[in-house]
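**Student:** Residue numbers (full-length UniProt numbering): 1 to 390.
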């Protein structure tokens, strides 16, 4: 028995030594950017045979391999993120390699989330949730969770996220790194100051500029107030309104969202004055688009119409604004209390807006189908035939 134990011990020692050599070879291959060789060596390893001392390295290079081969596969990227978390927990020590893979993982997942935002917001939300759970100190990621949860109707999740942002005093402001391209004289945005500095050293860029993006506090608190109102906690919404303007008197985003906040609180006279003031002072149509979207989410369709009309006065060819304004008219037309004649008027206004939107995006099938439905309700067969013939 003693001989067997000794043999087994020696056998394990040989395996451990071999694994140590394999991981060193992988690390050297990565250092010289020979990724194919690194992955080839890694693929010879059996996860079930990895010694405890090297499980951190195995998890790290597994994450690295999954990331390298992901090609936009979200499941692979999320599995890689989980492996990276394991490597960190087990004490992986090469900080330079770890930070590189971590940053690439973040970039890749955010890129995929951005692609999903239009057609699959729930999928995008799942990605940013996973990232937020990993990067727990990253409040910008938590803001992404809050915004997507709010827009997808996952209001409980949105409430928890917005509360954390409010309690921490998060404003949404971020550093924007810019440098001027020497060949064109055009200013471009960089993802980090380090990358910009490298480009400047290489002579391709000059004049590094670090700016602050606009505050998002107004939108954060406006949405949080609406969520409290939805939960019959108007007293909390009132407290946020009062405290925020006292604490951040110079925050422009609060001033721009003041009208929407007053609408949430039901202070209609103050709200009307605030809207009138906005119409005179605001020159950025996105301000009205944001207010319009907030009103739509609250099913305040008439208020949404006001905001979107103000936005179109500043930018008459914005597809999303035209589409959302048309949706507001259709929503009013679909209300039970709307008469047949009123519905006809609302649908007619909506068709004109959708027609303009279709000119901007002629291949948008959703707009085409919506127009066909509206034409059918308005008994405009000639327009249906013309649209289907395109």
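Ideal placement from N, C-alpha and C gives every residue a C-beta, glycine not left out.
#1: By DSSP, does residue 10 sit in helix, in strand, or in coil?
#2: If we ignore side chains and look at the alpha-carbon of each, how far apart do residue 173 and residue 76 end up?
#3: In this structure, what does DSSP give as the bridge partners for residue 190?
#4: Return the chain-ordered list of same chain residues with a C-beta closer than 6 Å to the C-beta of residue 60, the five sequence neighbours on each side being excluded.
#5: Quick check on residue 2: does DSSP put it in helix, strand or coil?
#6: If you run the structure through DSSP and keep just helix, strand and coil, what is residue 289?
#7: Rounding to the nearest angstrom, what Cα-Cα distance links residue 181 and residue 97 in this structure?
#8: Less than 6 Å between C-beta atoms, sequence neighbours within five positions excluded: which residues of the same chain meet that for residue 70?
#9: Residue 381 bridges to which residues according to DSSP?
#10: Assign residue 184 to buried or exposed, taking buried as 16 or more other Cβ atoms, counted over all protein chains shown, within 10 Å of its Cβ.
#11: Based on the DSSP output, what are the partners of residue 206 in its beta bridges?
#12: Residue 211 by DSSP, collapsed to three states: which one?
#13: Taking only runs of the alpha helix (DSSP H) that begin and end inside the region 76-138, which ones reach a length of at least 4 residues, in chain order?
#14: Please go through the same chain and pick out, in chain order, the residues whose beta-carbon is closer than 6 Å to the beta-carbon of residue 287, but skip the five residues on each side of it.
#15: By a C-beta neighbour count over all protein chains shown, 10 Å radius and 16 as the cutoff for buried, is residue 261 buried or exposed?
#16: Would you tell me roughly how many angstroms separate the C-alpha atoms of residue 249 and residue 201, rounded to the nearest one?
#17: Could you give the residue range of the alpha helix (DSSP H) that holds residue 156?
#18: Near residue 171, what residues of its chain come up, given a Cβ to Cβ distance below 7 Å and the 5 sequence neighbours on each side ignored?
#19: Just tell me which of 188, 186, 103 and 278 has its CA closest to the CA of residue 253.
#20: Run through DSSP, which three-state label would residue 284 get?
#21: Residue 123 and residue 131: beta carbons closer than 7 Å?
#22: Does the distance from the C-beta atom of residue 159 to that of residue 265 stay below 7 Å?
#23: Checking 7 Å against the spacing of the C-beta atoms, do residue 274 and residue 259 come in under that value?
#24: So the candidates are 83, 149 and 168; which of them puts its Cα closest to the Cα of residue 134?
#25: Check the C-beta distance from residue 162 over to residue 146 and give it rounded, since I have them as a contact under 8 Å.
#26: Does the region 344-354 touch the region 326-333, meaning 3 or more C-beta pairs lie closer than 8 Å?
#27: Measure how close the beta-carbons of residue 192 and residue 221 come, nearest whole angstrom, since I'm counting them as under 8 Å.
#28: Between residue 325 and the rest of its own chain, which residues show a CB-CB distance below 6 Å, the 5 nearest in sequence each way excluded?
#29: So, is residue 268 buried or exposed, given that buried needs 16 or more other C-beta atoms within 10 angstroms?
#30: Nearest-angstrom Cα distance between residue 322 and residue 283?
#31: Which term fits residue 289, buried or exposed, when burial requires 16 or more other beta carbons within 10 angstroms of its beta carbon?
#32: Let me know the secondary structure DSSP gives residue 276 once reduced to three states.
#33: For residue 319, which residues from the same chain have a beta carbon less than 7 Å from its beta carbon, with the 5 sequence-adjacent residues on both sides left out?
#34: Taking the C-alpha atoms as reference points, what is the distance between residue 229 and residue 345?
**Tutor:** The relevant details are as follows:
#1: As a first step, residue 10 is located in the chain shown; it is residue number 10 there, counting from the start. Bear in mind that the predicted position of residue 10 carries a pLDDT of just 39, short of 50, making it too unreliable to give a figure here.
#2: As a working mapping, residue 173 is identified with position 173 in the chain shown. As a working mapping, residue 76 is identified with position 76 in the chain shown. In a straight line, the C-alpha of residue 173 is about 32 Å away from that of residue 76.
#3: In the chain shown, counting from the first residue as 1, residue 190 sits at position 190. Bridge partners of residue 190: 177.
#4: For the purposes of this step, residue 60 is taken as residue 60 along the chain shown, with counting starting at 1. Counting only Cβ-Cβ distances below 6 Å, and skipping sequence neighbours, we find 87 and 92.
#5: The residue given as residue 2 occupies position 2 in the chain shown. Residue confidence is low: residue 2 scores 38 on pLDDT, short of 50, so the model does not pin down where it sits. Its coordinate-derived value is still stated next. The answer is helix: DSSP assigns residue 2 an H, G or I state.
#6: Residue mapping note: residue 289 aligns to position 289 of the chain shown, counting from 1. If DSSP states are grouped into helix, strand and coil, residue 289 belongs with the helices.
#7: Residue 181 sits at position 181 when you count from the first residue of the chain shown. Residue 97 sits at position 97 when you count from the first residue of the chain shown. Those two C-alpha atoms are separated by around 30 Å.
#8: Within the chain shown, residue 70 is the residue found at index 70, counting from 1. Cβ within range, chain order: 76 and 77.
#9: Sequence index remark: in the chain shown, residue 381 carries index 381 (1-based). Partner(s): none; residue 381 has no beta bridge.
#10: As a first step, residue 184 must be located in the chain shown, where it is residue number 184. Under this definition residue 184 is an exposed residue.
#11: As a first step, residue 206 is located in the chain shown; it is residue number 206 there, counting from the start. Looking at the DSSP assignment, residue 206 forms a beta bridge with 180.
#12: Within the chain shown, numbered from 1, the residue matching residue 211 stands at position 211. Assignment of residue 211 by DSSP, reduced to helix, strand and coil, places it in the strand class.
#13: 95-116 and 121-134
#14: In the chain shown, the residue the question calls residue 287 occupies position 287. Excluding positions up to five away in sequence, the list reads 256.
#15: On the chain shown, position 261 is the one that residue 261 refers to. It is buried - the Cβ of residue 261 has at least 16 other Cβ atoms within 10 Å.
#16: Indexing the chain shown from 1 puts residue 249 at position 249. Indexing the chain shown from 1 puts residue 201 at position 201. Roughly 41 Å separates the two Cα atoms.
#17: Residue 156 sits at position 156 when you count from the first residue of the chain shown. Its alpha helix (DSSP H) spans residues 155-168.
#18: On the chain shown, residue 171 is found 171 positions in, with the first residue counted as 1. Excluding residues within five positions, the ones whose Cβ falls inside 7 Å are 215, 216 and 217.
#19: For this step, residue 253 is matched to residue 253 along the chain shown. Looking at the Cα atoms, 278 is the closest of the given residues.
#20: In the chain shown, residue 284 corresponds to position 284, counting from 1. Reduced to three states, the DSSP call for residue 284 is coil.
#21: For this step, residue 123 is matched to residue 123 along the chain shown. For this step, residue 131 is matched to residue 131 along the chain shown. Cβ distance not < 7 Å, so residue 123 and residue 131 don't count as in contact.
#22: Taking the chain shown and counting its residues from 1, the one referred to as residue 159 is at position 159. Taking the chain shown and counting its residues from 1, the one referred to as residue 265 is at position 265. No, the pair does not count as a contact, with Cβ atoms beyond the cut-off.
#23: Counted from its first residue, the chain shown places residue 274 at position 274. Counted from its first residue, the chain shown places residue 259 at position 259. For residue 274 and residue 259, yes; Cβs fall inside 7 Å.
#24: Taking the chain shown and counting its residues from 1, the one referred to as residue 134 is at position 134. Checking every option, the nearest Cα to that of residue 134 belongs to 83.
#25: Taking the chain shown and counting its residues from 1, the one referred to as residue 162 is at position 162. Taking the chain shown and counting its residues from 1, the one referred to as residue 146 is at position 146. Their Cβ separation, rounded to whole angstroms, is 5 Å, which keeps residue 162 and residue 146 in contact under 8 Å.
#26: yes
#27: Here the question's residue 192 lines up with position 192 in the chain shown. Here the question's residue 221 lines up with position 221 in the chain shown. So it is not a contact: roughly 29 Å between Cβ atoms.
#28: Along the chain shown, read from residue 1 onward, the residue named residue 325 stands at position 325. Taken in chain order, the residues that qualify are 308 and 353.
#29: Counted from its first residue, the chain shown places residue 268 at position 268. Per the 10 Å Cβ criterion, exposed.
#30: As a first step, residue 322 must be located in the chain shown, where it is residue number 322. As a first step, residue 283 must be located in the chain shown, where it is residue number 283. So the two alpha carbons sit approximately 18 Å from each other.
#31: Working through the chain shown from its first residue, we reach residue 289 at position 289. Buried is the call here.
#32: Locating residue 276 in the chain shown gives position 276, counting from the first residue. Looking at residue 276 - three-state DSSP - the assignment turns out to be helix.
#33: Position 319 of the chain shown holds residue 319. If we look at residue 319 and ignore the five residues flanking it on each side, its Cβ neighbours are 357, 360 and 361.
#34: Sequence index remark: in the chain shown, residue 229 carries index 229 (1-based). Sequence index remark: in the chain shown, residue 345 carries index 345 (1-based). For residue 229 and residue 345, the distance between alpha carbons rounds to 32 Å.
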